[in-house]
Amino acid sequence: MNTDKLQKTAKAMLVADKGLLAMDESNPTCNKRFAAVGIPQTAEFRRAYREMIITTPGLSKSIGGVILYDETIHQKLTDGTPFIKAATDAGMIPGIKVDAGTSPLALHPGEKITEGLDGLRDRLDQYAKMGLGFAKWRAVIIIGDGIPSKACIDANTHALARYAAECQEAGLVPVVEPEVLMDGKHSMQNCFEVTENVLRTLFEQLYIQDVAPEGIILKPNMVVPGLSCPIQESVEEVADATVKCLLRTVPAAVPGVAFLSGGQPAELASARLNAMNNRFEGQLPWALSFSFARAIQQPALELWRGKQENVSEAQQALLHRANCNRAARNGQYSAAMEKK
Ligand code: 13P
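In terms of the numbering used here, the sequence shown has 273 at position 281, counting the first letter as 1, and numbering is strictly consecutive.
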């Protein structure tokens, strides 16, 4: 394993206050988002959507890496440029989602396990040869009555660690994503406890599998109250709880933490990231950044609606969210940015 190279890639992905753009929705997820705004659910519309995103002028000022989906890396821009080359030429490191989605966890009703380890090593070798710099795997942890179970946390973090080890062996930076879902009426304290447990277990599993912490990026959830919890803490309280949880669990050797947005409203995700970087400036061992999908793309998707004449307006909305999140990386975001 070439830890220096992995570390260099991980740092380049988040350099200069940049973050990651997750444009790696699986076909069913992408189709669901298209259906909600009346866009036809075809490979050509998915390709056109990704072209709109990746050709946004100036995007690489705020985006250091783009997470693609397997369908996309075999597609081309209208002018014939393959997506991997388009991202690289634009100054963004291309990466790829490599998990195969979730299945029910046996004997554990209501819980999920992420699939995709079978044959992964060969896929990773191919992806590295194609010029990709990193890969992503998402595990899903659900909070509910009596869950998550130890079985669910152990199985999912073990799979994440095996995936991460295979990535590092192939020379790809693993973006390690254990997502504690926001759905439910649980409290922020409950989310804190579950997230702490998941991250402690995860880093133990990564250690057991000899994964170099210098060569990963952690993609966690923020510590937030459940979407239907009656008590919704302030931006500052969420920032403090999230940083406290990460300081307890994430080794200082990890170069970067890039949050998922998880369905938070786009502006709230920016405000919370901003508060963390603002309140803990100079006190954190890792970069605190973003790896949002919905919180960057959703406004642009709603403007685009599958129509060529809307491309420019949608790109402006996308760039705006990317720039807001870059500002949030150094505590410079403010609600006033949204009014410009
Ligand atoms: P969201 O930011 O929409 O949660 O997506 C992040 C992601 O990549 C999920 O795997």
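Quick reminder that beta carbons are idealized off the backbone N, C-alpha and C, glycines included. Because the structure is a prediction, the values reported are computed rather than measured.
Heavy atom of the ligand 13P within 8 angstroms of residue i beta-carbon
i	result
R115	no
K53	no
A287	yes
D110	no
L194	no
S253	yes
E259	no
A79	no
D16	yes
S262	no
F284	yes
R130	yes
E171	yes
I59	yes
K89	yes
K211	yes
Residue i and residue j closer than 9 angstroms at C-beta
i	j	result
D9	N322	yes
F251	N302	no
V165	L(-2)	yes
R286	E228	no
I337	A147	No answer is possible for residue 337: it lies beyond the span of the chain, which begins at -7 and ends at 332.
I200	G123	no
G248	M5	yes
T149	V190	yes
N269	A320	yes
L13	A309	no
F26	G298	yes
H178	A143	no
I31	Y119	no
K128	K211	yes
Integer Cβ distance of residue i from residue j, believed to fall under 8 angstroms
i	j	result
E171	I133	7 angstroms
R109	A162	In the sequence on display, residue 109 carries Leu and not Arg. At roughly 14 angstroms, the Cβ-Cβ gap does not stay under 8 angstroms, so L109 and A162 are not in contact.
M15	L51	That belief does not hold up - the Cβ atoms of M15 and L51 are roughly 11 angstroms apart, past 8 angstroms.
A258	P291	6 angstroms
V167	F195	Not a contact, Cβ separation roughly 15 angstroms.
T(-5)	A204	5 angstroms
T193	I145	5 angstroms
S141	E107	Not a contact, Cβ separation roughly 18 angstroms.
E305	L295	5 angstroms
M174	V242	About 20 angstroms; that fails the 8 angstroms criterion.
F282	G111	About 31 angstroms separates the two Cβ atoms, so there is no contact after all.
E273	C237	Wrong, their Cβ atoms sit about 18 angstroms apart, outside the cutoff.
Among the options, the one whose alpha carbon lies nearest that of residue i
i	options	result
S338	M5, R130 and I31	Not covered by the structure: residue 338. The range shown for the chain is -7 to 332.
A35	I45, V29, C22 and C221	C22
Y41	N317, K121 and E17	E17
K0	S304, E259, P291 and I209	I209
Q224	A231, M180 and V246	M180
V246	F284, C221 and P277	P277
P86	T70, G93, V58 and L112	V58
M84	N19, I46, L69 and Q324	I46
Y325	R297, A263, L295 and L293	A263
A82	H178, Q197, K3 and S54	S54
F184	Q197, A27, L239 and A120	L239
S220	P243, D202, L198 and G176	G176
P20	T73, L69, A92 and T70	A92
K121	L97, C159 and E188	C159
T70	D62, L116 and R38	R38
R154	L116, M174 and V186	L116
F284	G56, P32, R113 and P96	G56
G72	G11, E43, V186 and M(-7)	E43
V186	G136, N317 and E330	G136
L97	V230, I139, D202 and A231	I139
K3	L280, Q289, I288 and Q300	L280
Closer than 9 angstroms to chain D by CB, residue i
i	result
L116	Chain labels in this structure do not include chain D; a single protein chain is all it has.
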